[in-house]
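S.K.: Mind having a look at this structure? Questions to follow.
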Amino acid sequence: MNQLGYRIKEYLGLGKRDDENMRKTVKFGDPSAVQQGRLYSVISILVVLVIWVIICEMEVVPPLFWPPPQDVIEKFWKIATEGYRGATLFEHILVSLWRVLSGFGLGCLLGIPLGIGMGLSKIVRGSLDPLIELYRPVPPLAYIPIIIIWMGIGDEGKITLLFLATFSIMVINSRAGVKSVTVEKIHAAYSLGANRWQVLWHVILVNALPEIFTGARVAMGVAWGTLVAAEMVAATSGIGWMVLNASRYLRTDIVLMGIIVMGLIGYSIDLLMRLMEKKLIPWKGKI
Amino acid sequence: MAKQGVQHHLSVQNMGMTYRMEDGTEVQALEDINFDMYSGDLNVVVGPSGCGKTTLLNILAGFLIQTSGSVTLDGKKIEKPGAERGVVFQKGALFEWLSVYQNAEFGPRMLNKPLEERKQTVMEYLDLVDLAGFRDTPIYNLSGGMQQRVAIVRCLANDPSIMLMDEPLGALDALTREKMQSLILKLWKETGKMIFFITHSVEEAIYLATDLFVMSARPGRIMKRYKLDFCKRGLHEDSRKLKSDPEFIKIREEVLGLIWGMEEETGAHGR
């Protein structure tokens, strides 16, 4: 039990420390002296929850405007078990994840090779640059009518939208990754007897991995965030659709629950990707 | 590993290098370069900043093509980089996603040498530079001196006909630098390789060279050549004693005088 208490103290930054930071005289302005402040993270979450409960108890606003936490939790269990319009919460989440992963997967499948091509060939770069730079700033929402006309109301349309959201990010980051290799490394490889393809595979592509991975992290986040827009394309399932549908009936408790779930899942996805990055690309940031 | 028995010959004849700048003016980087090198030679080039030593190395390595004259290795024209001309860069240019061993075996691996043969060659060389215990360490965990040792092993593992070293010790602290100089002499003796070495440090140059070239400021020409044997003595004599030897100091002052003289003529940095 003592061990656990000690670990919690360490985590919150309350443990006894005599490290370099304590000995510094200049802390204000030194970026490396700013610790994570986990204690304050915990406190702020608790404060938000407490305020939430109090506001609802005191009925400062009607429950419609801001549902109390009990309602949100109750709805969470209800939909997790009984479902919402024919599917449980888990099934909605799964469907949404499937769409996001498919769109993201396609974005990577096409975006990474094209980005790499743009980094290596002036022909590829010149041809694709204007097209990508023109479509990139347009919000995915604007494509919905075209997508419905072209692809109908099935999953393909939603996946296409998510693909469009992630594609440009993967292209840009892949290209940057390719360009980030130092010419010395390339020269070194050729002087060691590598041919063009070996240089591409063993040096250029590996060197590009950190940037590609960063792009993937950003793209996944964007894709998840575009989910609600995607599920406006005539859906009947998915957690984004659930939020849209519930809002139409003014079920703010379900809306808020859905929003919180989406936020938590998005955060978890990012954490997962950061973990994968640490495992697969341990050299990132070193040297 | 046996001392290399094969003799190689590098020949540079009437070589010149001219650049055309953006505004059309022509810059003569190198002019009238003539020399021959053989296996066992340790040629060192010193000269003022901007004299073209790196350009010369890049031409020998095959990263640049000269505008006039001929450069051949064993009779073959040098037109692109190749495994027979290994290069050691100042900042290593090692692959940070690979371990020490994986970096060192990169060349033989690209040339599809069999696994056992690669392992034996690489481990022998790593042992020679005292890095055998670090074979699986990621290179970003190594000090600068250790990284340069890996860079040298990586170059050696491919059994190149000539080793080209572009100020390989320039980024190291003074103490590490001296130790590395001794290491390079040791490797030179063990392998009998042809080594072409560029440095800013006159002392280093005189210590290492069998043949010392002093280059002039732009356009770079070989102003003076020395045949030296301090390196042979360096194999068994203490380096500090050797560098304080009156003969050593005499040559050092002479060369420094030459170089400083040139830098004065062309302004602080002959660029």
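These protein sequences, in sequence, are chains A and B.
Using our numbering, read the first sequence as starting at 1 and increasing by one per residue.
Using our numbering, read the second sequence as starting at 288 and increasing by one per residue.
Note that CB positions come from ideal geometry on N, CA and C, so glycine has one too.
(1) Buried or exposed: which applies to Ile239 of chain A, given that a residue is buried once 16 or more other Cβ atoms fall within 10 Å of its Cβ?
(2) Exposed or buried, which one is Gly177 of chain A when buried takes at least 16 other CB atoms within 10 Å?
(3) Please name the residue or residues paired with Ala87 of chain A in a DSSP beta bridge.
(4) Alpha carbon to alpha carbon, what distance is there between Lys511 of chain B and Ala391 of chain B?
(5) For Met450 of chain B, which residues in the same chain have their Cβ closer than 6 Å to its Cβ, ignoring the five residues on either side in sequence?
(6) In the DSSP assignment, the beta strand (DSSP E) including Glu524 of chain B goes from what residue to what residue?
(7) Check whether the Cβ atoms of Val333 of chain B and Phe517 of chain B sit closer than 9 Å, and answer yes or no.
(8) List the whole-angstrom C-beta distance separating Leu343 of chain B from Leu495 of chain B, where the pair is believed to meet the contact cut-off of C-beta under 8 Å.
(9) Using a Cβ-Cβ cutoff of 7 Å, what residues of the stretch 329 to 355 of chain B are near chain A? List them in chain order.
(10) State whether the stretch 195 to 208 of chain A contacts the stretch 127 to 143 of chain A, with contact taken as three or more CB pairs (one from each stretch) at a distance under 8 Å.
(11) What are the partner residues of Tyr513 of chain B, as DSSP defines its beta bridges?
(12) So is Lys406 of chain B in contact with chain A if we call contact Cβ pairs under 9 Å?
(13) Can you confirm whether Ile112 of chain A, when its beta carbon is compared against all beta carbons of chain B, has any partner nearer than 9 Å?
(14) At a CB-CB cut-off below 7 Å, which residues of chain A make contact with Met397 of chain B?
(15) Is it right to say Val183 of chain A is buried, meaning 16 or more other beta carbons lie within 10 angstroms of its own, or is it exposed?
(16) Can you tell me which of B:Gly432, B:Ser469, B:Pro335 and B:Met410 puts its alpha carbon nearest to the alpha carbon of Ile509 of chain B?
(17) Tell me the rounded alpha-carbon separation between Val181 of chain A and Gly431 of chain B.
(18) Of all the CB atoms in chain B, is at least one closer than 9 Å to the CB of His92 of chain A?
(19) Among A:Thr166, A:Ile212, A:Leu128 and A:Ile93, which has the Cα closest to the Cα of Val261 of chain A?
(20) Out of curiosity, what's the CA-to-CA distance linking Gly13 of chain A and Tyr40 of chain A?
(21) With a CB to CB cut of under 7 Å and the five nearest residues on each side skipped, what residues in its chain are close to Gly107 of chain A?
(22) Can you give me the C-alpha to C-alpha distance between Met397 of chain B and Gly193 of chain A, rounded to a whole angstrom?
(23) Looking at Met324 of chain B and Asp498 of chain B, is the spacing between their C-beta atoms short of 9 Å?
(24) Within 10 angstroms of the Cβ of Ala289 of chain B, are there 16 or more other Cβ atoms? Answer buried if so, exposed if not.
(25) With a Cβ-Cβ cutoff of 9 Å, do Val387 of chain B and Leu415 of chain B count as a contact?
(26) Starting from Ser357 of chain B, follow the beta strand (DSSP E) in both directions and report where the run begins and ends.
(27) Can you give the Cα-Cα distance for Glu277 of chain A and Ser44 of chain A, rounded to whole angstroms?
(28) How about the stretch 104 to 124 of chain A and the stretch 204 to 216 of chain A: do they share at least three Cβ pairs that are nearer than 8 Å?
(29) Please name the residue or residues paired with Pro559 of chain B in a DSSP beta bridge.
(30) Give the straight-line distance between the Cα atoms of Phe76 of chain A and Met273 of chain A, rounded to the nearest whole angstrom.
(31) Is there a Cβ from chain B that is less than 9 Å from the Cβ of Lys279 of chain A?
(32) Step through the CB atoms of chain A and report whether any lies within less than 9 Å of the CB of Val416 of chain B.
(33) For the beta strand (DSSP E) that Arg372 of chain B lies in, which residues bound it at each end?
(34) If you follow the beta strand (DSSP E) that Ile365 of chain B is part of, which residue opens it and which one closes it?
(35) Should the stretch 119 to 135 of chain A be regarded as contacting the stretch 153 to 160 of chain A, the criterion being three or more beta carbon pairs within less than 8 Å?
(36) Report back the beta-carbon spacing between Glu454 of chain B and Gln377 of chain B to the nearest angstrom; my notes put them in contact at under 8 Å.
M.R.: Per the coordinate set shown:
(1) For the purposes of this step, residue 239 of chain A is identified with residue 239 of the first sequence, where counting begins at 1. That one is buried.
(2) The residue you call residue 177 of chain A lines up with position 177 of the first sequence. So Gly177 of chain A counts as buried.
(3) Here residue 87 of chain A is taken as the residue at index 87 of the first sequence, counted from 1. Paired residues: A:Tyr84.
(4) Residue mapping note: residue 391 of chain B aligns to position 104 of the second sequence, counting from 1. Residue mapping note: residue 511 of chain B aligns to position 224 of the second sequence, counting from 1. Their Cα atoms are separated by approximately 36 Å.
(5) To locate residue 450 of chain B, count along the second sequence from 1; it is residue 163. Excluding positions up to five away in sequence, the list reads Gly373, Cys442, Lys480 and Ile482.
(6) Taking the second sequence and counting its residues from 1, the one referred to as residue 524 of chain B is at position 237. Unbroken run through Glu524 of chain B: none, as it is neither H nor E.
(7) Working through the second sequence from its first residue, we reach residue 333 of chain B at position 46. Working through the second sequence from its first residue, we reach residue 517 of chain B at position 230. For Val333 of chain B and Phe517 of chain B, no; Cβs fall outside 9 Å.
(8) As a first step, residue 343 of chain B is located in the second sequence; it is residue number 56 there, counting from the start. As a first step, residue 495 of chain B is located in the second sequence; it is residue number 208 there, counting from the start. Not quite, the Cβ-Cβ distance comes to about 17 Å (not below 8 Å), so this is no contact.
(9) Ala348 and Phe350
(10) no
(11) Numbered from its first residue, the second sequence carries residue 513 of chain B at position 226. Note: Tyr513 of chain B sits in a beta bridge opposite B:Leu499.
(12) As a first step, residue 406 of chain B is located in the second sequence; it is residue number 119 there, counting from the start. For Lys406 of chain B, the answer is no, since every Cβ of chain A falls outside 9 Å of its Cβ.
(13) Looking up residue 112 of chain A in the first sequence gives position 112. Not an interface residue.
(14) Start at 1 with the first residue of the second sequence, and residue 397 of chain B comes out as number 110. Those within 7 Å of Met397 of chain B in chain A are Leu192, Gly193, Ala194 and Gln198.
(15) On the first sequence, position 183 is the one that residue 183 of chain A refers to. Per the 10 Å Cβ criterion, exposed.
(16) Mapped onto the second sequence, residue 509 of chain B falls at position 222. When only C-alpha atoms are compared, the closest one is B:Pro335.
(17) To locate residue 181 of chain A, count along the first sequence from 1; it is residue 181. To locate residue 431 of chain B, count along the second sequence from 1; it is residue 144. Approximately 20 Å, taken between the alpha carbons.
(18) As a working note, residue 92 of chain A is residue 92 in the first sequence. Chain B contact via Cβ: absent.
(19) Taking the first residue of the first sequence as position 1, residue 261 of chain A is located at position 261. That would be A:Ile93, whose Cα lies nearest to the Cα of Val261 of chain A.
(20) Start at 1 with the first residue of the first sequence, and residue 13 of chain A comes out as number 13. Start at 1 with the first residue of the first sequence, and residue 40 of chain A comes out as number 40. Using only the alpha carbons, I get a separation of about 10 Å.
(21) For the purposes of this step, residue 107 of chain A is taken as residue 107 along the first sequence, with counting starting at 1. So the list reads Phe163, Thr166, Phe167, Met170 and Ala219, once near-sequence residues are dropped.
(22) Residue mapping note: residue 397 of chain B aligns to position 110 of the second sequence, counting from 1. Residue mapping note: residue 193 of chain A aligns to position 193 of the first sequence, counting from 1. The straight-line gap from Cα to Cα measures roughly 6 Å.
(23) Position 211 of the second sequence, counting from 1, holds the residue named residue 498 of chain B. Position 37 of the second sequence, counting from 1, holds the residue named residue 324 of chain B. Cβ distance < 9 Å, so Asp498 of chain B and Met324 of chain B count as in contact.
(24) For the purposes of this step, residue 289 of chain B is identified with residue 2 of the second sequence, where counting begins at 1. Residue confidence is low: Ala289 of chain B scores 39 on pLDDT, short of 50, so the model does not pin down where it sits. Its coordinate-derived value is still stated next. It counts as exposed.
(25) If you number the second sequence from 1, residue 387 of chain B lands on position 100. If you number the second sequence from 1, residue 415 of chain B lands on position 128. No, they are not a contact pair.
(26) Taking the second sequence and counting its residues from 1, the one referred to as residue 357 of chain B is at position 70. Ser355 to Leu360 is the extent of the beta strand (DSSP E) around Ser357 of chain B.
(27) Here residue 277 of chain A refers to the residue found at position 277 when the first sequence is read from its first residue. Here residue 44 of chain A refers to the residue found at position 44 when the first sequence is read from its first residue. Their Cα atoms are separated by approximately 29 Å.
(28) yes
(29) Beyond the ends of chain B as shown, which are 288 and 558, falls residue 559 of chain B; an answer cannot be given.
(30) Working through the first sequence from its first residue, we reach residue 76 of chain A at position 76. Working through the first sequence from its first residue, we reach residue 273 of chain A at position 273. Between Phe76 of chain A and Met273 of chain A, the C-alpha separation is close to 26 Å.
(31) Translated into positions along the first sequence, residue 279 of chain A becomes position 279. Chain B, which has no Cβ nearer than 9 Å to the Cβ of Lys279 of chain A, makes this no.
(32) Taking the second sequence and counting its residues from 1, the one referred to as residue 416 of chain B is at position 129. Val416 of chain B does not count as touching chain A.
(33) Position 85 of the second sequence, counted from the start, is the residue given in the question as residue 372 of chain B. Here the beta strand (DSSP E) through Arg372 of chain B covers Arg372 to Val375.
(34) Numbered from 1 along the second sequence, position 78 holds the residue referred to as residue 365 of chain B. Note, Ile365 of chain B: premise wrong, no beta strand (DSSP E); not H, not E.
(35) no
(36) One-based indexing of the second sequence puts residue 454 of chain B at position 167. One-based indexing of the second sequence puts residue 377 of chain B at position 90. Contact holds; Cβ gap of about 5 Å.
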